[in-house]
């Protein structure tokens, strides 16, 4: 705190004040405003580091970056593995249609996975996991409304590629006596209504602010649950709440 405020510090056991001139850059995927309000993050620290905030949009909102990033990841893979792989035009087109809810890290994982499995020197569209029904994004983001006995389901519009075939649902891990599931995400916590189809997904004509408020009210103002209703990540929901100046109610 002293370094941030005064630009100086003293070494442990030292008697001399050391002056420093640094530029601090911080990054987080958490909602610090909410953390400060809940006393989970120091307010005095927040106001010292939050001088010029920069909000980076998700990768799906800057699709022009996808080819550049994909080529960079592939070039790194080639250098590390002594390969000469390149993308086919169709494969690159499919990458640019993906929503990538995991953003840049998910894109890197997708490129490395396809490059590892490709036997030739060209990554074709069928070398991408999403084209064989095994897209990790679509599997992880399958809606909870799918019946347990169903072997396949269509992923929500917020995940996967526009041209993806249906993905197989991953079987839930078997419960063990030592398991300690998070009650907020436990399917048996009494919030069964979150496992049913919700009219919020089917009502795009509603104003965005109204949809957010309705989702928060239905979720009891729990952001994680409201995000599930809207097929958003908690971070995306937190950004939307700040954008539309929606105050979080404490129940």
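Residue numbers (our numbering): 7 to 257.
A virtual CB, placed ideally from N, CA and C, is assigned to each residue, including glycine.
- prompt: Quick one: does residue 248 have its CB under 9 angstroms from some CB of chain B?
  reply: Here chain B cannot be found, since the structure has a single protein chain.
- prompt: With distances taken from CA atoms, which of 79, 239, 69 is nearest residue 99?
  reply: 69
query: Is the region 86 to 103 touching the region 54 to 67 in the sense that three or more CB pairs, one from each, lie closer than 8 angstroms?
result: no
message: On the criterion of 16 or more Cβ atoms from any shown chain inside 10 Å, does residue 248 qualify as buried, or is it exposed?
response: exposed
- request: State the DSSP-derived secondary structure class of residue 231, mapped to helix, strand or coil.
  value: helix
field: Among 235, 13, 236, 230, nearest to residue 6 - alpha-carbon criterion
entry: Absent from the model: residue 6. The displayed extent of the chain is 7 to 257, so no value can be given.
query: The beta strand (DSSP E) spanning residue 24 covers which residue range?
result: 23 to 25
message: Tell me the residue span of the alpha helix (DSSP H) that contains residue 39.
response: 38 to 43
- prompt: In this structure, does DSSP put residue 130 in helix, strand or coil?
  reply: coil
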